[in-house]
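Undergrad: Heads up: the sequence shown is residues 0 to 277, going by numbering that gives the first Met the number 0. Beta carbons: idealized from backbone N, C-alpha and C, even for Gly. Source: prediction; values computed, not measured.
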Amino acid sequence: MISATDLRFAYDGAPVLHGVTMTVRPGALVGLLGPNGSGKTTLLRLLAGTARAGAGRVTMDGRDVASMSRQAVARRLAVVPQETQLAFDYTVLEIALMGRYPHLGAFELEGPRDVEIAREALAATGTAHLADRLFTTLSGGEKQRVVIASALAQFEGRGDAAPPGEATPRYLLLDEPTASLDLHYQLEIAALLRRLNDTAGLGIVVSTHDLNLAASLCNELVLLRDGRVVAHGATREVLTPHSVQALYDVHTDISFHDEAGHLTVVPLRPAAVPARHD
C-alpha cells in the first residue's frame, strides 16, 4: 500500500499542498480529481518520490519512499506523464526497453531477457505489431499505449522479491492519460487500464479532469482543491453534485446509467461564486 500522511509542499515559498493524506491499496483504481492548480501533478510526484515533501511522509508497503533508491522505487512503481518528449527518433521496441533501466547496472546493456520482457509488455498493451515503427509516426492512442508498455516493463525481473506465494505489489501513476485523445482512444485507454488492474493486480492512480472517465474507471476517488483533500472514498459515495460543486463551482446532474454500468456526470451551469473583496 502507498500511504501519504500529512504531505505539505511549496514552490519557492508558495504553498501547493496543505496536509494531504491518502492511501492507494494494492489492486485499487484511484481517481485523482481537481481543478487546475489544485496540486494533482505535485501529489503524483511526491507519491513517486521524484519530489520531496516539505513535511509529511510517503511510504510504499511500509517503507519510506524517501529512504529507497530510485532503482528500488522504479521496480515497484511506474509513472506515465501527460506528455512524452523525445530528443531522438526511437522505435516502439526501444521505447519499451527504456522501462528496463531499473534492472540494469552502470553501462550494462539490455540482454535477450530484457527484450523478451519489453515485447511481452507491448503485447499486453496491444502494440506488439508496432515494435519496429518509429514512435513519432504513431497516433496519440498508440503512443499512450506504448508509454504504458514501457512502464509495465519496469516491473519484471530483478528487484525486491515478495515472500514465497505472495505477489509483490506494483503501482502505476498516470497524469491525464486521455487528455489529448479523441473519444475512441479515451475508451481504449480506459479499457486497457481496467484490464491491467484486473489481470496484473496493479494499484493504479489516474489524475484526470474527466469526471465521466473517473466514474467509469475508478473504484475510489480523491478530490483535491487548493492543495487540500475535499473528499476521499468510494466513487459512488464521493462523486455527488455537492462534492463536484465544492470542487469546480459547477452544478451537475449525477445519476447511475444502467447500460453503461456506472455513474454519469452532466454539467449544468456554473455555480454562483461569491464576489471577492480586495
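If I measure Cβ to Cβ from Val15 and keep anything under 8 Å in the same chain, skipping five residues before and after, which residues do I get?
TA: Locating residue 15 in the sequence shown gives position 16, counting from the first residue. The answer, listed in chain order, is Phe8, Ala9, Gly38, Thr41, Gly226.
Undergrad: Using DSSP with H/G/I as helix, E/B as strand and the rest coil, what is Ser2?
TA: Counting from one through the sequence shown, the residue named residue 2 turns up at place 3. In this structure, Ser2 counts as strand in the three-state DSSP scheme.
Undergrad: Could you pull the start and end residues of the alpha helix (DSSP H) that Leu191 belongs to?
TA: Walking along the sequence shown from the start, residue 191 turns up at place 192. Looking at the DSSP string, the run of the alpha helix (DSSP H) that includes Leu191 is 182 to 199.
Undergrad: Given a cut-off of 8 Å, decide if Leu180 and Gln143 are closer than it, judged by their beta-carbon atoms.
TA: As a position in the sequence shown, residue 143 is number 144, starting the count at 1. As a position in the sequence shown, residue 180 is number 181, starting the count at 1. A contact, by the Cβ cut-off of 8 Å.
Undergrad: If you reduce the DSSP assignment to three classes, tell me which class Ala161 lands in.
TA: Counting from one through the sequence shown, the residue named residue 161 turns up at place 162. The predicted model places Ala161 with a pLDDT of 41, which falls under 50 and marks its position as unreliable, so this point remains unresolved.
Undergrad: Rounded to a whole number of angstroms, what is the C-alpha to C-alpha distance between Leu222 and Val265?
TA: Mapped onto the sequence shown, residue 222 falls at position 223. Mapped onto the sequence shown, residue 265 falls at position 266. Going from the Cα of Leu222 to the Cα of Val265 covers about 18 Å.
Undergrad: In chain order, what residues of the same chain have a beta carbon less than 6 Å from the beta carbon of Ser2, not counting five sequence neighbours either side?
TA: Residue 2 sits at position 3 when you count from the first residue of the sequence shown. So the qualifying residues of the chain are Thr22, Thr58.
Undergrad: Have a look at Leu28, Ala52, Leu43, Arg56 and flag the residue whose alpha-carbon is nearest the alpha-carbon of Asp11.
TA: In the sequence shown, counting from the first residue as 1, residue 11 sits at position 12. Nearest of Leu28, Ala52, Leu43, Arg56 to Asp11, Cα basis: Ala52.
Undergrad: Identify the residues that DSSP records as bridge partners of Thr90: which are they?
TA: Along the sequence shown, one-based indexing puts residue 90 at 91. Paired residues: Leu133.
Undergrad: For Tyr170, which beta-bridge partners are listed by DSSP?
TA: Locating residue 170 in the sequence shown gives position 171, counting from the first residue. Leu76, Gly202.
Undergrad: Pick out whichever of Gly98, Gly140, Leu43, Thr20 has its Cα sitting closest to the Cα of Val205.
TA: Numbered from its first residue, the sequence shown carries residue 205 at position 206. Ranking Gly98, Gly140, Leu43, Thr20 by Cα distance to Val205 puts Leu43 first.
Undergrad: So the candidates are Ala105, Arg169, Gly260; which of them puts its Cα closest to the Cα of Gly26?
TA: Looking up residue 26 in the sequence shown gives position 27. Cα-wise, what sits closest to Gly26 is Arg169.
Undergrad: Which whole-angstrom value describes the C-beta separation of Gly139 and Ala120, a residue pair presumed to lie in contact below a C-beta threshold of 8 Å?
TA: Looking up residue 139 in the sequence shown gives position 140. Looking up residue 120 in the sequence shown gives position 121. No, Gly139 and Ala120 are not in contact; Cβ-Cβ is about 19 Å, not under 8 Å.
Undergrad: Can you give me the start and stop residues for the beta strand (DSSP E) that Leu85 sits inside?
TA: As a working mapping, residue 85 is identified with position 86 in the sequence shown. Leu85 -> no beta strand (DSSP E), and no H or E assigned at all.
Undergrad: First and last residue of the beta strand (DSSP E) that includes Asp252?
TA: As a first step, residue 252 must be located in the sequence shown, where it is residue number 253. Note, Asp252: beta strand (DSSP E), 249 to 256.
Undergrad: Could you tell me the alpha carbon to alpha carbon distance between Gly280 and Ser215, rounded to whole angstroms?
TA: The structure shown does not extend to residue 280, since the chain is modelled only from 0 to 277, so the question has no answer here.
Undergrad: Would you say the stretch 122 to 131 touches the stretch 74 to 88, given that touching needs at least three Cβ pairs under 8 Å?
TA: Output reads no: the stretch 74 to 88 does not touch the stretch 122 to 131.
Undergrad: Any idea if Leu267 is buried or exposed, counting beta-carbon neighbours within 10 angstroms, 16 or more meaning buried?
TA: Reading the sequence shown from its first residue, position 268 is the one you call residue 267. Answer is exposed; the Cβ neighbour count stays below 16.
Undergrad: Based on DSSP bridge pairs, tell me the residues matched to Ser56.
TA: Looking up residue 56 in the sequence shown gives position 57. Checking the sequence, you will find Arg at residue 56 rather than Ser. Beta-bridge pairing links Arg56 to Thr4.
Undergrad: Can you give me the C-alpha to C-alpha distance between Val19 and Ile203, rounded to a whole angstrom?
TA: Taking the sequence shown and counting its residues from 1, the one referred to as residue 19 is at position 20. Taking the sequence shown and counting its residues from 1, the one referred to as residue 203 is at position 204. Straight-line Cα distance between these residues: approximately 18 Å.
Undergrad: Can you give me the C-alpha to C-alpha distance between Ala13 and Leu108, rounded to a whole angstrom?
TA: The residue given as residue 13 occupies position 14 in the sequence shown. The residue given as residue 108 occupies position 109 in the sequence shown. Using only the alpha carbons, I get a separation of about 43 Å.
Undergrad: Please look up how many angstroms separate the CB atoms of Pro111 and Arg74, rounded, as I've assumed it's under 8 Å.
TA: If you number the sequence shown from 1, residue 111 lands on position 112. If you number the sequence shown from 1, residue 74 lands on position 75. Going by Cβ atoms, the distance from Pro111 to Arg74 rounds to 20 Å, so no, they are not a contact pair.
Undergrad: Tell me whether Met97 sits in a helix, a strand or coil according to DSSP, three-state version.
TA: In the sequence shown, residue 97 corresponds to position 98, counting from 1. Helix at Met97.
Undergrad: Output needed for Gln70: all residues of its chain with C-beta closer than 6 Å, excluding positions within five of it in sequence on either side, in chain order.
TA: Counting from one through the sequence shown, the residue named residue 70 turns up at place 71. Cβ neighbours of Gln70 beyond the five flanking positions: Pro101.
Undergrad: My guess is that Leu220 and Leu32 are in contact by the Cβ rule of under 8 Å, so how many angstroms apart are they, rounded?
TA: Taking the first residue of the sequence shown as position 1, residue 220 is located at position 221. Taking the first residue of the sequence shown as position 1, residue 32 is located at position 33. Yes, Leu220 and Leu32 are in contact; Cβ-Cβ is about 6 Å, under 8 Å.
Undergrad: Can you check whether the CB of Val78 is closer than 8 Å to the CB of Leu191?
TA: Residue 191 sits at position 192 when you count from the first residue of the sequence shown. Residue 78 sits at position 79 when you count from the first residue of the sequence shown. Taking 8 Å as the Cβ cut-off, Leu191 and Val78 do not qualify as a contacting pair.
Undergrad: Spell out whether any CB of chain C is found under 8 Å from the CB atom of Ala73.
TA: The question asks about chain C, but that chain is absent: this structure has only one protein chain.
Undergrad: From His183 to Arg193, what does the alpha carbon distance come to, in whole angstroms?
TA: On the sequence shown, position 184 is the one that residue 183 refers to. On the sequence shown, position 194 is the one that residue 193 refers to. If I take the Cα positions, the gap works out to 16 Å.
Undergrad: Hey, Val29 and Ile94: beta-carbon distance below 8 Å or not?
TA: To locate residue 29, count along the sequence shown from 1; it is residue 30. To locate residue 94, count along the sequence shown from 1; it is residue 95. No, the pair does not count as a contact, with Cβ atoms beyond the cut-off.
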